[in-house]
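See below for the structure under consideration.
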Amino acid sequence: MLYLLLVLFPISMAASTFVLRKNSGLVIFMALGAVIAEMLIAAQIPLDNPSLFLGVTLTLNALNRMFMLLFLMIGGFAFVGAWSLPHGENFVPIGLLMLSQVSAVLLLQNPFISTLLLALTGLTAVLAVVDLPAGTSSLVGTRAIAAALKYLVLMVVAAILMYIAFVLATIFRIGELPGRISLSRFILALLAVSFSLRLALIPFHAWLAGLVEHAEPLVAALVITLLNTSSLLALLVAFQTFPILLTDNAGPLRVMRIGALISTLLGAGLALGPGSLRRAMAYLILYDCGMVFYGLASVSSIGLAGAVFGTLNQTLAVLLMLVSLGLIERPDGRPPGMARRDLLRRWPVAGTGLLAGSLALIGMPPLGGAMSRLLIYQAAGENGWPELLALLTATLLALLALIRTAHERLLGPSEDEATPEPLMLGETELDRPAPRRLDPEPRSAAALTLILMLICLTVGLYPGPLLTTIDAAIHELAFIRAL
Amino acid sequence: MQINWLLIAIGATATVVLLFRDWRLTFPALLLNYVALAFFLAEPRFVTPDISLIGEMNTLVLVKLITGLAVTMILTITALTFSREYGLENLDEFGLAELRRAARTAQRYRASQPFRMSDYIVPFWAGVLALFASATLPFVYAIAPTPAADFAWYWLVLTGVLTIATASDLLKIGLGLLLCASGVDTLYTAVESTLKEGGMNVIPLALLSQFHILLALAIAYLCGLLYGRLKTLELNELYKR
Numbered sequence: 207m208l209y210l211l212l213v214l215f216p217i218s219m220a221a222s223t224f225v226l227r228k229n230s231g232l233v234i235f236m237a238l239g240a241v242i243a244e245m246l247i248a249a250q251i252p253l254d255n256p257s258l259f260l261g262v263t264l265t266l267n268a269l270n271r272m273f274m275l276l277f278l279m280i281g282g283f284a285f286v287g288a289w290s291l292p293h294g295e296n297f298v299p300i301g302l303l304m305l306s307q308v309s310a311v312l313l314l315q316n317p318f319i320s321t322l323l324l325a326l327t328g329l330t331a332v333l334a335v336v337d338l339p340a341g342t343s344s345l346v347g348t349r350a351i352a353a354a355l356k357y358l359v360l361m362v363v364a365a366i367l368m369y370i371a372f373v374l375a376t377i378f379r380i381g382e383l384p385g386r387i388s389l390s391r392f393i394l395a396l397l398a399v400s401f402s403l404r405l406a407l408i409p410f411h412a413w414l415a416g417l418v419e420h421a422e423p424l425v426a427a428l429v430i431t432l433l434n435t436s437s438l439l440a441l442l443v444a445f446q447t448f449p450i451l452l453t454d455n456a457g458p459l460r461v462m463r464i465g466a467l468i469s470t471l472l473g474a475g476l477a478l479g480p481g482s483l484r485r486a487m488a489y490l491i492l493y494d495c496g497m498v499f500y501g502l503a504s505v506s507s508i509g510l511a512g513a514v515f516g517t518l519n520q521t522l523a524v525l526l527m528l529v530s531l532g533l534i535e536r537p538d539g540r541p542p543g544m545a546r547r548d549l550l551r552r553w554p555v556a557g558t559g560l561l562a563g564s565l566a567l568i569g570m571p572p573l574g575g576a577m578s579r580l581l582i583y584q585a586a587g588e589n590g591w592p593e594l595l596a597l598l599t600a601t602l603l604a605l606l607a608l609i610r611t612a613h614e615r616l617l618g619p620s621e622d623e624a625t626p627e628p629l630m631l632g633e634t635e636l637d638r639p640a641p642r643r644l645d646p647e648p649r650s651a652a653a654l655t656l657i658l659m660l661i662c663l664t665v666g667l668y669p670g671p672l673l674t675t676i677d678a679a680i681h682e683l684a685f686i687r688a689l
Numbered sequence: 092m093q094i095n096w097l098l099i100a101i102g103a104t105a106t107v108v109l110l111f112r113d114w115r116l117t118f119p120a121l122l123l124n125y126v127a128l129a130f131f132l133a134e135p136r137f138v139t140p141d142i143s144l145i146g147e148m149n150t151l152v153l154v155k156l157i158t159g160l161a162v163t164m165i166l167t168i169t170a171l172t173f174s175r176e177y178g179l180e181n182l183d184e185f186g187l188a189e190l191r192r193a194a195r196t197a198q199r200y201r202a203s204q205p206f207r208m209s210d211y212i213v214p215f216w217a218g219v220l221a222l223f224a225s226a227t228l229p230f231v232y233a234i235a236p237t238p239a240a241d242f243a244w245y246w247l248v249l250t251g252v253l254t255i256a257t258a259s260d261l262l263k264i265g266l267g268l269l270l271c272a273s274g275v276d277t278l279y280t281a282v283e284s285t286l287k288e289g290g291m292n293v294i295p296l297a298l299l300s301q302f303h304i305l306l307a308l309a310i311a312y313l314c315g316l317l318y319g320r321l322k323t324l325e326l327n328e329l330y331k332r
């Protein structure tokens, strides 16, 4: 029954926090308590001990437990961030509901149920995208509604394609319809498109750019970290359930790899172009999504380990980036509506967090992404030097994009150091306006940013324990053994 | 040759959703579509009766009927309460002025958009295309256990996709998504019921119904927000600003 508790407890807490949503502080404390309780339960559940509930098997393996703890941690960090960063009135209840849904995805190893749960998470996320703070005096932005609509449509389409693919996979028998295009290729194509939509691979990426640009950073962070990562794990379950899709499809897998390469290159290239800070970050995330999908599509133990490690890194790096972005975008006491160039000086912790998160996403050592990149490059090397070259080029482009963004927005000289003008005739020091005092970064959010940076650094410096767990889990996968 | 009236009802109601823009027509059509689909899936080749209410029927049919009723009620209540204003007391002068401006723009737009037959040409030919594809695909790529079930799910998914593609307002997009979901629901129920002799698993069925209802809620919520903001559901107004 601990399995059910993991799923149902956050739902009950979401209902309670929804009732108390006007009292933001209390709600955040309740949510943090729920997250800690969930982490304790998840840590105590025995591994690989399946239990049957209404004809469906619930189980937790080492990999899924690692990700469940990570999701809960991310949820907890997001709730801490909500203390000082802007968020909607219903952010905490929706966050708890999403945590419950992704926990269910990790526990229920059934592709049909996972698909429906992923679709439900998408619908829940839509509510968060258009959520406004309590008692706000402004109207919800039309761009936010458009972003939510785009996300809703694309996630439902992805779920429908995924569901059709799984129904086809259920009835698929090897050797049927000889002489015609194998059904398994069609199924793989459906799965590739549906998961590309969920993981935001170019050209199915429209929702991610809109979400990062028009939703609150904390909402975007939860959607990208929890929902994208759980989608990737659901894809692993799908491959595990239907290994024939991989063993029968060497050619289509190559096409998937090339698609991922193109997505990676275009994501990095778009990040290099002009645009807002948010858009640049969105494209860097797209680049990383392509990189992770490449590792997955390589269907080798090294590539998969790289993909899973990359997903873990993406989860941490994206949260760090978007929390930092939320801090940077706070009203800073200076005249609004101007593109600032000195954000690192004005917000030292947030600016450093943004840089560190972006570097981790690109895979720069000593941060968390380095190990995953090494594994993915190794997998690409096994598939031939053109693929490796394409990945390295994409990383170079992403790095250039980050340097450009940092140069334009973060590393400029301080805009507050006004040269003292001489006193005018008859003017005294007392006649002059008091020097402007700008507020420092909020302590809780700054501490959160520092902790996230520290975690990214620790994962980068000591990847061993995580890699051992990931490696062991991947070698247990039936389709890896079959290939 | 026996005429399958339920299949005709599914086809006709989905066509109404594809062709027409007025919710007073499309919502009853959606409800009838759910009812026809529920009774279509009640055929003994898919499920065996296990309860006796009005007649012998399967619980699955009852679940589908309740789902359809819930979905239609959610959308209808939303449509009936579009004109109500919520949360105006918190808005500042700028927000109120923007709302007044949006109301004027929407009124002007409605006045300049009389009934035009040309608005129905693209959906009509899209419907013809969907009909052709749905009649052909069950013979080219049969998936469901019967050609009728194949036609039903192909038709629902295709009309759903084409409704989304030809939609000019948010509500039509939502109806298209619901039709697509119904199509997939039909395919899954038809295939799983044939494969599993001992009865279907309750959790995917419950989640499918929950998905329909939550999708309707999400659409209703977005429609309410958009109407409250722009006094129209037109997508070109949404993307104009």
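Residue numbers (our numbering), protein chains in the order written: chain A, 207 to 689; chain B, 92 to 332.
Built from N, CA and C at the ideal position, the CB exists for glycine as well.
In this structure residue 374(A) is in contact with residue 234(B), their Cβ atoms being roughly 7 Å apart against a cut-off of 8 Å.
Under DSSP, residue 325(B) shares a beta bridge with 260(B). Taking 8 Å as the cut-off, the beta carbon of residue 267(A) is found closer than this to the beta carbon of residue 679(A). With a cutoff of 8 Å on beta-carbon distance, residue 217(B) and residue 253(B) are scored as near each other. In summary, the residues of the stretch 279-304 of chain B whose CB is separated from some CB of chain A by less than 8 Å are 279, 282, 283, 286, 292, 293, 294, 295, 298, 299, 301, 302, in the order they occur in the chain.
Among the CB atoms of chain B, one or more fall inside 8 Å of the CB of residue 318(A).
No Cβ-Cβ contact shorter than 8 Å links residue 258(A) with residue 300(A).
Going by C-alpha positions, residue 465(A) is about 45 Å away from residue 186(B). DSSP, read as helix, strand or coil, puts residue 262(A) in strand.
Counting other Cβ atoms within 10 Å of its Cβ, residue 250(A) stays below 16 and is therefore classed as exposed. Residue 401(A) sits away from residue 390(A), with the two beta carbons spaced by 8 Å or more.
Nearest C-alpha to residue 370(A) among 286(B), 244(B), 262(B): 244(B). Contact between residue 525(A) and residue 617(A) is ruled out by a C-beta separation of about 23 Å, above the 8 Å threshold.
With the rule of 3 Cβ pairs closer than 8 Å, the stretch 229-242 of chain A does not count as touching the stretch 472-489 of chain A. Using a CB distance below 9 Å, no part of the stretch 109-128 of chain B faces chain A. The way I'd put it, the stretch 439-451 of chain A does touch the stretch 317-329 of chain A; three or more beta-carbon pairs between them come closer than 8 Å. Looking at 576(A), 619(A), 303(A), the one whose alpha-carbon comes closest to that of residue 548(A) is 619(A). Only exposed fits residue 221(A), as fewer than 16 other CB atoms lie within 10 angstroms of its CB. Ranked by Cα distance from residue 326(A), the first of 361(A), 650(A), 296(A) is 361(A). The continuous stretches of alpha helix (DSSP H) do not include residue 430(A), and DSSP gives it neither H nor E.
Taking CB atoms only, residue 219(B) has no neighbour in chain A less than 8 Å away. Contact between the stretch 667-685 of chain A and the stretch 106-119 of chain B is absent: fewer than three C-beta pairs spanning the two stretches fall below 8 Å. With 16 or more neighbouring CB atoms inside 10 Å of its own CB, residue 435(A) falls in the buried class. The stretch 630-646 of chain A makes no contact with the stretch 578-589 of chain A: fewer than 3 CB pairs, one atom from each, lie closer than 8 Å. Residues of chain B whose Cβ lies closer than 7 Å to the Cβ of residue 354(A) are, in chain order, 313.
Distance from the CA of residue 252(A) to the CA of residue 130(B), rounded to the nearest whole angstrom, comes to 45 Å.
At least 8 Å separates the beta-carbon of residue 249(B) from that of residue 317(B). A Cβ-Cβ contact shorter than 8 Å links residue 208(A) with residue 247(A). The contact set of residue 275(B) on chain A, defined by CB atoms closer than 7 Å, consists of 366, 369, 370 in chain order. Taking the Cβ atoms as the reference, residue 311(A) lies roughly 13 Å from residue 303(A), outside the contact range of under 8 Å.
By the Cβ neighbour-count rule, residue 310(B) is buried, with 16 or more other Cβ atoms within 10 Å of its own. Neighbours of residue 261(A) in chain B, taken as residues at a C-beta separation under 8 Å, are given in chain order as 292, 293, 294.
At a C-beta separation below 9 Å, residue 101(B) has no neighbours in chain A, since its nearest C-beta there lies roughly 17 Å away. Cβ atoms of residue 553(A) and residue 534(A) come within 8 Å of each other, at about 5 Å. The secondary-structure analysis by DSSP pairs residue 257(A) across a beta bridge with 264(A). When Cβ-Cβ separations below 8 Å define contact, residue 325(B) makes no contact with chain A.
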